[in-house]
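Working notes, structure below.
2 protein chains.
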Amino acid sequence: MPSITLRIRFEPQGHIGHGKVELLEQIAAFGSISAGARQMNMSYKRAWDLIEEMNRIFGKPMLDTQKGGARGGGAQLTPTGLAVIARYRAIERAASAAAAPHIAALVAEIDGKRGDDEGAG
Amino acid sequence: MPSITLRIRFEPQGHIGHGKVELLEQIAAFGSISAGARQMNMSYKRAWDLIEEMNRIFGKPMLDTQKGGARGGGAQLTPTGLAVIARYRAIERAASAAAAPHIAALVAEIDGKRGDDEGAG
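As they're listed, the protein sequences go chains A and B.
Per this note's numbering, the first sequence runs over residues 1 to 121.
Per this note's numbering, the second sequence runs over residues 1 to 121.
Shown next, in the form of structure tokens:
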């Protein structure tokens, strides 16, 4: 059964999608940006660029980094970072539930059309 | 107010998102792949690659191309191509409506947290 992933657009600042949210979740789970980035097969620089993009979008930091710098010192999510994860997942669940019957109908329509397009294309 | 865009994943075949659906809509509007691609600031080859990806995902053609070749001959959407557009837009509307209150809550939470994260990160 097809599934949906969604992107929340905060134009012109940018957008958040499942990749950025999963990065936050991995950083929360492993307690550092470098460990979270490793889980995502992502460079530290790429991870930090994504975190800074989210910081800009929401106008406050996603992470509370310990003295000595994020790379050495570890990182915890701020209340804002935790809210972004929780709400994104809630939005994803609500959207998926609402989309499910339409996705099923699309799949059924496509199957029902076997043969209709004979010779086309 | 933030908005959402969504991607429907038909793994392992691929996914459809607003870019591919808008390409179908532009081809339907202008009656040829090359004109539709131009509207998307996309090369003909890129447009054709996306169409072929959708053909593979759904197991049948999105377009009915006239003799003489797609580039010269013009293209119309098949019933399957039309169904993909209509259902994707219905899925997008349903998902956006379901997500809207959660997006509003996220924005309110973020605003409410101004100051909480002072000095973090």
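Even for Gly, the Cβ is constructed at its ideal location relative to N, Cα and C.
C-alpha distance - residue i paired with residue j, whole-angstrom precision
i: A94 (chain A); j: R56 (chain A); result: 26 angstroms
i: F30 (chain B); j: A47 (chain A); result: 41 angstroms
i: Y44 (chain B); j: I51 (chain B); result: 11 angstroms
i: S17 (chain A); j: V107 (chain B); result: A small correction: the amino acid at residue 17 (chain A) is Gly; Ser does not occupy that position in the sequence shown. Approximately 16 angstroms between the Cα atoms of the pair.
i: A99 (chain A); j: E22 (chain A); result: 22 angstroms
i: D49 (chain A); j: I8 (chain A); result: 18 angstroms
i: G19 (chain B); j: R38 (chain A); result: 30 angstroms
i: G74 (chain B); j: G36 (chain B); result: 10 angstroms
i: P79 (chain B); j: N41 (chain B); result: 26 angstroms
i: E109 (chain B); j: P101 (chain B); result: 12 angstroms
i: G112 (chain A); j: S34 (chain B); result: 30 angstroms
i: A83 (chain A); j: A83 (chain B); result: 37 angstroms
Bridge partners - residue i, DSSP secondary structure assignment
i: G14 (chain B); result: B:F10
i: S3 (chain B); result: A:R9
i: T65 (chain B); result: B:A75
Chain-ordered chain A contacts of residue i [CB-CB under 7 angstroms]
i: S3 (chain B); result: R9
i: F58 (chain B); result: I110
i: A94 (chain B); result: A98, A99, H102
i: R38 (chain B); result: Chain A residues near R38 (chain B): none, gap ~20 angstroms exceeds 7 angstroms.
Proximal residues to residue i (C-beta, below 8 angstroms), its chain only, five neighbours per side dropped
i: L77 (chain A); result: L24, I27, A28, M62, L63, D64, I85
i: L6 (chain B); result: G17, H18, I91, E92, A95
Beta-carbon contacts of residue i that lie in its chain and below 7 angstroms, excluding the five residues immediately before and after
i: G81 (chain A); result: L24, M62, L63
i: F10 (chain A); result: I57
i: S32 (chain B); result: G74, A75
i: P12 (chain A); result: none
i: A105 (chain A); result: none
Beta-carbon neighbours of residue i, restricted to chain A and to distances below 9 angstroms
i: I33 (chain B); result: None at all; the shortest Cβ gap to chain A is about 11 angstroms.
Cβ-based neighbour list, residue i, same chain, cut-off 6 angstroms, excluding 5 preceding and 5 following
i: G14 (chain B); result: E53, I57
i: I103 (chain B); result: P2
i: I4 (chain B); result: S96, A99
i: A120 (chain A); result: For A120 (chain A), the predicted structure reports a pLDDT of 45, less than 50, and the residue's modelled location is therefore unreliable. A value from the coordinates is still provided. Correct list: empty, nothing qualifies.
Beta-carbon neighbours of residue i, restricted to chain B and to distances below 7 angstroms
i: I103 (chain A); result: I8, I91
i: R46 (chain A); result: Here the premise fails: no neighbours, minimum Cβ distance about 17 angstroms.
9 angstroms Cβ cut-off: residues of chain B touching residue i
i: L24 (chain A); result: The premise fails here: L24 (chain A) is roughly 13 angstroms from chain B at the closest Cβ pair, so nothing lies under 9 angstroms.
Neighbour list for residue i in chain B, Cβ cutoff strictly below 8 angstroms
i: A97 (chain A); result: A98
Neighbour list for residue i in chain A, Cβ cutoff strictly below 8 angstroms
i: A83 (chain B); result: L106, E109, I110, K113
request  = Decide yes or no for the touch test of the region 86 to 106 of chain A against the region 54 to 67 of chain A: beta carbon pairs closer than 8 angstroms, at least 3 of them.
outcome  = No contact exists between the region 86 to 106 of chain A and the region 54 to 67 of chain A.
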